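Letter by letter, the sequence shown follows residues -27 to -1, 1 to 415 of mature numbering (1 follows the signal peptide of the UniProt record, and there is no 0).
Down below is the structure, laid out as structure tokens.
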Amino acid sequence: MRRVVMLPLRHFAARVLLACAVLSAGAASAVAQHAAVAATAPAGSAKDRGVAAVDVRLAGDLVRTRLVLDLTASVEMRVFTLADPYRVVVDVAGLDFKLPADAGQHGRGLITAFRYGQVGPGKARLVLEVREPVSIDKSFVLEAIDDQPARLVIDLVPTDRASFLRSAEAPSPQVDPAPAIRGAMAEPGTAAEAKPSDAGSAARSRLPVVVIDPGHGGIDTGANAPGGGVSEKTVVLEVALMLRERLEKGGRVKVVMTRTEDTFVPLGERVRIARRNEAALFLSIHADSIRARDGIASGASVYTLSEKASDAEAERLAESENKADLIAGVNLQEEPNDVADILIDLVQRETKSFSAHFAHTLVGEISPAARMHRTPLKSAGFKVLKAPDVPSVLLELGFMSNRQELRQITSPVWRKKVTEAIADAIERFVAMRTAGGGRIPN
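What follows is the structure, encoded as structure tokens:
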């Protein structure tokens, strides 16, 4: 029987990643920064003072476009722009969005659409999609006067690309999602909690770590059900929390969550959470919405990482999921493709074998509990699966565009069966790795 021996990759991976960081340190990104702070805004975050955005409107044309956000009190804000594609980003600490359900779906003038939501605990963001390079002509906050609410105002005017890029500079201190993720992990059952204070806690700290990653979150809603009302970010978080509860009751693994609430987590930070915790397994959970050529897509699928997608549907899905950071208005410097290819070639060979083994195990466990896609095992270039030394798999629970599957995905009975099956697969995989000393059985 041929046995594959797991190489001591972690220290080697760290050296390779350090070299890649040096190679990519000089890469520049097109970020135009325009900071704006309301001089009259009171101290403290908007959340501390219970400030909400209650209405929004657009005015103007292609010569000048104005966005007005009605607030329950004045706030401090910061405004900056991002290129490729052109976006204007407005950060307000702690603002609560209570806008109409259709807000942002339609544009006017230079603004084609906009998104809003949380990018971390107490950190709110508004991302304006613009049709061409723009200049932030004015940005200010008006205090409430008589029957007029406080208002946040942004005026945009056209500019050319060269002028837009010439204004690029290193971003000033901003609402940074990374610290929020570390804070979100600081809860019972995660690696961020305090040192163990009893024998039970000490035993849990020695258990293999499994990272559960509910996809999307905050400003990134993911897929939406037909007619609205149900979003992917909410569905997968609820399933992930059920899975955590089941695994913690089993007592065989220690669970770390990439998020435990409706907050945005950059793709790179999700990977770093797995690596920082030296995870034995990383599982990203999704429930997407795409249409196959022969009708509405249906069935659960399990994805592993590959440089070339297994099929066109997998490629489209990976492209959609990899846009999460762009959707949230995050400007993250990525490694050049040739460096990423070197990492995959040198570091991920053994990890990919473990990922494939878990993917087969997961399909085997879920199949009796849920309907599977006609080709349940797939692969594509998902950014969130690129931890070089952590076996990583992405699970699509089903498709929210399919009304029948939507009823299942939102059913407590269905969720209980599926989370039990997922937990069984995780426990089997971790037991195999522990008993086999890091070897994959044939």
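Ideal Cβ positions, reconstructed from N, Cα and C, are used throughout, including at glycine.
Given the structure is predicted, the values throughout are model-derived calculations rather than measurements.
- For Gln91, the enclosing beta strand (DSSP E) stretches over residues 84 to 93.
- When the Cα atoms are used, Arg249 and Asp34 turn out to be separated by approximately 48 Å.
- For Gly33, there is no enclosing alpha helix (DSSP H); the enclosing beta strand (DSSP E) has its first and last residue at 25 to 33.
- Note that the C-beta distance between Ala253 and Val208 is not below 7 Å.
- About 6 Å separates the CB atoms of Arg60 and Glu102; that is less than 8 Å, so the two are in contact.
- With 16 or more other Cβ atoms from the protein chains shown falling within 10 Å of its own Cβ, Gly82 counts as buried.
- Counted as a single uninterrupted DSSP element, the alpha helix (DSSP H) harbouring Lys325 occupies residues 322 to 339.
- Using a Cβ distance threshold of 7 Å, Glu211 and His189 do not count as a contacting pair.
- If you draw a straight line from the Cα of Thr231 to the Cα of Lys389, it comes to about 21 Å.
- Counting only runs of at least 3 residues, the region 339 to 414 fully encloses the following beta strand (DSSP E) elements, listed from N- to C-terminal order: 345 to 353, 365 to 372.
- In the DSSP secondary-structure assignment, Arg60 is bridged to Leu55, Glu102.
- Secondary structure at Ser136: helix, using DSSP grouped into helix, strand and coil.
- The beta-bridge partner set that DSSP reports for Pro131 consists of Val107.
- Runs of the beta strand (DSSP E) lying entirely within the region 208 to 262, each at least 3 residues long, are 227 to 230, 254 to 261 in chain order.
- Check the Cα spacing between Val62 and each of Thr348, Gln91, Ala213, Arg225: the tightest is with Gln91.
- Following the DSSP letters along the chain, one finds Thr277 inside the beta strand (DSSP E) bounded by residues 273 to 278.
- For Gly190, DSSP records a beta bridge to Asp193.
- Boundaries of the beta strand (DSSP E) around Val41: 38 to 44.
- Contact annotation: Thr38 and Ile109 have beta-carbon atoms that are not nearer than 7 Å.
- For the 7 Å CB-CB criterion, Asp43 and Arg124 form a contact.
- Under DSSP, Leu115 shares a beta bridge with Arg124.
- When beta bridges are read from the DSSP output, Lys96 appears opposite Ala66, Gly93.
- Around the beta carbon of Glu378, a 10 Å sphere encloses 16 or more other beta carbons of the protein chains shown; the residue is thus reported as buried.
- With contacts defined as CB atoms closer than 7 Å, Leu368 and Ile246 fail to qualify as a contacting pair.
- Inclusion of Ile185 and Arg219 in the CB contact set at 7 Å is not warranted, their separation being larger than that value.
- A Cβ-Cβ contact shorter than 7 Å links Val366 with Ala332.
- DSSP places Ser204 in the strand class (E or B) of the three-state scheme.
- Arg81 sits in a strand when the DSSP states are folded into three classes.
- Around Leu129, the same chain offers Thr38, Leu83, Val107 as residues with beta carbons nearer than 6 Å, after the five sequence neighbours per side are excluded.
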